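Quick note: the sequence shown, position 83, residue 83 per my numbering, numbers continuous. This report refers to the structure that appears directly beneath it.
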Amino acid sequence: MASEEEVNQGSVLSTLHSLTEGMEDIVKKAREYVKDSVDDFVSNRVGCLGGLIGLYCKTFLRLGVTTRSEVNRLCQRHFRHQEVQEAVAHLDDMEREWNDFLKDIDRKLQGDASTTELVIGSPGPCDIPLADAKTDKKLTLRDYLGDKNLVLVLLRHFA
Numbered sequence: 001m002a003s004e005e006e007v008n009q010g011s012v013l014s015t016l017h018s019l020t021e022g023m024e025d026i027v028k029k030a031r032e033y034v035k036d037s038v039d040d041f042v043s044n045r046v047g048c049l050g051g052l053i054g055l056y057c058k059t060f061l062r063l064g065v066t067t068r069s070e071v072n073r074l075c076q077r078h079f080r081h082q083e084v085q086e087a088v089a090h091l092d093d094m095e096r097e098w099n100d101f102l103k104d105i106d107r108k109l110q111g112d113a114s115t116t117e118l119v120i121g122s123p124g125p126c127d128i129p130l131a132d133a134k135t136d137k138k139l140t141l142r143d144y145l146g147d148k149n150l151v152l153v154l155l156r157h158f159a
């Protein structure tokens, strides 16, 4: 991680502003796409969400960090400044908005399907319907897994 002298308050502030402005643009564009059609968004326009990866990459590089927790620690060093407090609050708000947007997409895609919360050790949701984004072929998670036993980590990432 970069030393405190290397990353001053101004750098932290401008980097956070760039990140949150970029997030706002991406979420705004995605909401417009979803307004037209959720199915069209998921099939053809979901790639716009991948821009967030580049925004966080630039943020980490500019701040000289490699994890989100290091960003938090760096912000804490400058938290005595009102502008940094406001920028961190805005970032928190944007990340909440991002998560709410993704949850809303999940709800719209699931329709009336009921869901149960999984806990460690629960059997996996192997019969979840999936669609191959490239071929639009309908599959289940079981189709991908076959009869193998394995540890699977599912990440919520649309791009």
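All residues carry an ideal CB built from backbone N, CA and C; glycine is no exception. All of these numbers come straight from a predicted model, not from anything done at the bench.
- Among the bridge pairs identified by DSSP, PRO129 is matched with THR140.
- Contact between the stretch 73–85 and the stretch 37–51 is absent: fewer than three C-beta pairs spanning the two stretches fall below 8 Å.
- Taking C-beta atoms as the reference points, LEU55 and LEU19 count as a pair closer than 7 Å.
- Counting along the chain, GLU117 sits inside no alpha helix (DSSP H), nor does DSSP assign it H or E at all.
- Taking all protein chains shown into account, HIS81 has fewer than 16 neighbouring C-beta atoms within 10 Å of its C-beta and is therefore exposed.
- Excluding sequence positions up to five before and after ASP132, its CB lies within less than 7 Å of the CB of LEU139, all in the same chain and listed in chain order.
- Residues LEU139, THR140 and LEU141 of the same chain have their beta carbon placed closer than 7 Å to that of LEU130, with the five preceding and five following residues left out of the count.
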